[in-house]
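**Student:** Residue numbers (the working numbering), protein chains in the order written: chain A, 1 to 295; chain B, 1001 to 1254.
From the three backbone atoms N, C-alpha and C, an ideal C-beta is built for every residue, glycine too.
Predicted model, so just to flag it, every value in this text is computed and none were measured.
Before I ask anything, here is the structure I am working with.
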Amino acid sequence: MRSFASVVKATALEVLSEPLTLLVLLAALALSVLAPTFHYHQFGEATRMARDSGFSALFVCGTVVSVFGTIRAFRREIESGTIQMALAHPISRGGFFLAKALGAFAAYLVFAATVLCTALDVIEGARIGGVIAARTGDIARLYGPCLAAGVAVMLVPLVVGAVLNRFLRFRFVLSSMTTAFVLSLVAAGACAALDRGLLPRHLPPAALLVVLAAVFLSASAALAVRFRANAAAAGAGALFALFLPFVGNYYMSDALANGGSVHWGYVGLAALAAAPAALAFLVVGMRFIGERDVS
Amino acid sequence: MNETEDVVVLSDVRKTFRDFWLRPTVNAVDGLSLSVRRGEVFGLLGPNGSGKSTTIKMILGLLSPSAGKVSLFGLSPRSIEARRRLGYLPELSYLHPFLTAKETLLYYAGLCGLARGEAKERARQLLEMTGLSAVASRTVGGFSKGMARRVALASALIGRPELLVLDEPTSGLDPISTKEVKTLVKALASGGMTVLMTSHLLADAEDICDRVMILDGGKSAAEGRIDELGTSLEAFFLAKVGDAGDFRLAPFLS
Chain A
1 MRSFASVVKA TALEVLSEPL TLLVLLAALA LSVLAPTFHY HQFGEATRMA RDSGFSALFV
61 CGTVVSVFGT IRAFRREIES GTIQMALAHP ISRGGFFLAK ALGAFAAYLV FAATVLCTAL
121 DVIEGARIGG VIAARTGDIA RLYGPCLAAG VAVMLVPLVV GAVLNRFLRF RFVLSSMTTA
181 FVLSLVAAGA CAALDRGLLP RHLPPAALLV VLAAVFLSAS AALAVRFRAN AAAAGAGALF
241 ALFLPFVGNY YMSDALANGG SVHWGYVGLA ALAAAPAALA FLVVGMRFIG ERDVS
Chain B
1001 MNETEDVVVL SDVRKTFRDF WLRPTVNAVD GLSLSVRRGE VFGLLGPNGS GKSTTIKMIL
1061 GLLSPSAGKV SLFGLSPRSI EARRRLGYLP ELSYLHPFLT AKETLLYYAG LCGLARGEAK
1121 ERARQLLEMT GLSAVASRTV GGFSKGMARR VALASALIGR PELLVLDEPT SGLDPISTKE
1181 VKTLVKALAS GGMTVLMTSH LLADAEDICD RVMILDGGKS AAEGRIDELG TSLEAFFLAK
1241 VGDAGDFRLA PFLS
């Protein structure tokens, strides 16, 4: 168990230390925070705009991190030879594969939580902005403090990461990712205190996207053990294209737009439907790693 | 298993590498049999491409033999129980560049199943032993080859192995570090640890090993105790493998 946990932790650290992960996070945060601030394309629906941007960022950028983060973690392990060192230790090959996949998923969860929390901050900012606009007759805008918090989640981590790296030799990317995660949690916590319905409404649809990412991640892990990075990415891309027409069912933006939410029971059903696919990919991956020569 | 039993046994082992279409490409190991006894330092010597690393990887369970049988502590090399008792230093220091030296040791301590407190204490001891305490919190991606080698060696020792497998242990080290590694291996062996090492540096093997096997073309060309060779290891090696090697320098030198 300890060896399993050790691989999970190291893989999560690896994915969160990737410059690519930080770049994609910044892109996702920019999409979440900046898109709804341009009032000329809100069409009077600032909150919906904020929600759509946030969830789109979570879906698209989250998929990129889950797929590429996982492929890179596995391929680097195989191509750099560190897998030889690991598999010479008392851990089964199947256990090693599962632990790496779980570590990549843990890193994805940190990424997804950061994007979702920032999106919640922006959604709340749009709601308050709409209330103020209705009272003053002005154009609806993001509420200033929420916008400031969103921008802070984007920029402050870079400064903190640079300072910690310069004076304490901390890893820049990891420090930045951690700071962004903590700041976004604080911002979302403050917004949830202002609007009690914020979390109950938005957590179920976000959970649907996490379920979807888990399927892509397990497929990417299986492909990365057997094929080179480009081929594995192409395979994962093909799977994504197959899934895309059905993503509307997961998204449920209409339910949210009408003031409702997705029922947790629906999330459970989606997870049940996704579980066989994810499990099948994991079993295939374990078989691939069990059969391969490691050299 | 009792104390006199063989730790590693290979019986008529063959390894043929195949391409994508399963066509045989290389016979890396061809009918090799050997045994490593408890407490001895066994050297697997041979020129480049003689099958030393392939043999080591089959012993570690990283490669499956095409034919024959490999046993480690009387068990399959893939068995977790067998691997709990070994430490491995690969030919190149394969390390995660994003981890610090201390995190690297804690990672391998975790893989060995050491409890957190014990892992931290063991990591501290090994960092001190390898002279890396001052750079323990620096990521190993920025380390020199020699420093990375020390981290890899410490990683191999962190689980207090009974069998230490060293693939070219002095590869990339300067003369002082080479001497330190040789002293360390001798000290470990005198403490009762079984050591299996490969090398193409005959002086290293002569200094450290109790018994050697010379591989050539994936086969055993000779085997014997160092103190029974009756000649220097270099002379013995050249007699068995020949001095032609891969290079024919004479025409250029003349």
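(1) Closest to residue 379 of chain A by C-alpha separation, out of A:155, A:222, A:240, would be which residue?
(2) What residues from the region 80-98 of chain A come within 7 Å of chain B, judged by C-beta to C-beta, listed N to C?
(3) Could you list which residues in chain B have their beta carbon closer than 8 Å to that of residue 175 of chain A, in chain order?
(4) Could you check what DSSP says for residue 1247 of chain B in three-state terms: helix, strand or coil?
(5) Is residue 169 of chain A close to chain B, meaning its C-beta is less than 8 Å from at least one C-beta of that chain?
(6) Any idea which residues DSSP pairs residue 1067 of chain B with across the strands?
(7) Could you check if residue 1167 of chain B is buried or exposed, using at least 16 other CB atoms within 10 Å of its CB as the buried criterion?
(8) Please confirm if residue 1080 of chain B has its CB atom under 8 Å from at least one CB of chain A.
(9) Cβ closer than 9 Å: which chain B residues qualify as neighbours of residue 121 of chain A?
(10) In the DSSP output, what is residue 1219 of chain B paired with across the bridge?
(11) Do residue 1179 of chain B and residue 1208 of chain B have their beta-carbon atoms positioned less than 8 Å apart in this structure?
(12) So which residues on chain D does residue 294 of chain A lean against when the C-beta distance must stay under 8 Å?
(13) Quick check on DSSP: helix, strand or coil for residue 1030 of chain B?
(14) Taking the Cβ atom as the reference point for each residue, do residue 124 of chain A and residue 183 of chain A lie within a distance shorter than 8 Å?
(15) Would you report the Cα separation of residue 1170 of chain B and residue 1155 of chain B, rounded to the nearest angstrom?
(16) Curious, which full-length beta strand (DSSP E) runs of at least 3 residues does the region 1163-1222 of chain B contain?
(17) Would you call the region 103-112 of chain A and the region 58-73 of chain A in contact, with 3 or more CB pairs under 8 Å?
(18) Residues in the same chain with beta-carbon distance under 7 Å from residue 105 of chain A, minus the five sequence neighbours each way, listed in chain order, please.
(19) Determine the contact status of residue 1015 of chain B and residue 1060 of chain B, defining contact as a CB-CB distance below 8 Å.
(20) Have a look at B:1196, B:1210, B:1120 and flag the residue whose alpha-carbon is nearest the alpha-carbon of residue 1053 of chain B.
(21) Could you name the residues of chain B that residue 2 of chain A contacts, counting a contact when the two beta carbons are closer than 7 Å?
(22) Considering only C-alpha positions, which residue in the set A:195, A:240, A:287, A:153 is nearest to residue 209 of chain A?
(23) Hey, residue 1017 of chain B and residue 1026 of chain B: beta-carbon distance below 8 Å or not?
(24) Just to check my reading of the structure: residue 6 of chain A and residue 1110 of chain B have Cβ atoms closer than 8 Å, yes? What is that Cβ distance to the nearest angstrom?
(25) Here's the rule: buried if 16 or more other CB atoms are within 10 angstroms of the residue's CB, otherwise exposed. What is residue 1176 of chain B?
(26) When you compare only the Cα positions, how much space is there between residue 294 of chain A and residue 271 of chain A?
(27) What are the boundary residues of the beta strand (DSSP E) that residue 143 of chain A is part of?
(28) Just verifying my parser: in three-state terms, what is the DSSP assignment at residue 1133 of chain B?
(29) Is residue 187 of chain A closer than 8 Å to residue 103 of chain A when the C-beta atoms are compared?
(30) Could you say if the region 1026-1035 of chain B and the region 1085-1099 of chain B meet the contact criterion of at least three C-beta pairs nearer than 8 Å?
(31) Take residue 48 of chain A as the anchor and find which of A:79, A:128, A:151, A:232 has the nearest alpha-carbon.
(32) Does DSSP classify residue 1126 of chain B as helix, strand or coil?
(33) DSSP puts residue 1042 of chain B in a beta bridge; with which residues?
(34) Taking the beta strand (DSSP E) that residue 209 of chain A belongs to, which residues open and close that run?
(35) Check distances from the C-beta atoms of the region 1123-1152 of chain B to those of chain A and list, in chain order, the residues that come in under 9 Å.
(36) Three or more beta-carbon pairs under 8 Å between the region 154-161 of chain A and the region 90-101 of chain A, yes or no?
**Tutor:** Walking through what the data contain:
(1) This structure leaves residue 379 of chain A out entirely; chain A is present only between 1 and 295.
(2) 80, 81, 82, 84, 85, 86, 87, 88, 89, 90, 91, 92
(3) Chain B residues near residue 175 of chain A: none, gap ~13 Å exceeds 8 Å.
(4) At residue 1247 of chain B the pLDDT is 47, less than 50, meaning the model places this residue with poor confidence and gives no usable figure here.
(5) yes
(6) B:1014
(7) buried
(8) yes
(9) Per Cβ cutoff of 9 Å: no residues; residue 121 of chain A is ~30 Å from chain B at best.
(10) B:1216
(11) no
(12) Reference to chain D is not applicable here, since the protein chains of this structure are A and B.
(13) strand
(14) no
(15) 15 Å
(16) 1163-1167, 1194-1199, 1211-1216
(17) yes
(18) 214, 217
(19) no
(20) B:1196
(21) 1110, 1113
(22) A:240
(23) yes
(24) 3 Å
(25) exposed
(26) 34 Å
(27) Residue 143 of chain A -> no beta strand (DSSP E), and no H or E assigned at all.
(28) helix
(29) no
(30) no
(31) A:128
(32) helix
(33) B:1196, B:1211
(34) Residue 209 of chain A -> not in any beta strand (DSSP E); alpha helix (DSSP H) instead, spanning 198-226.
(35) 1137, 1138, 1139, 1152
(36) no
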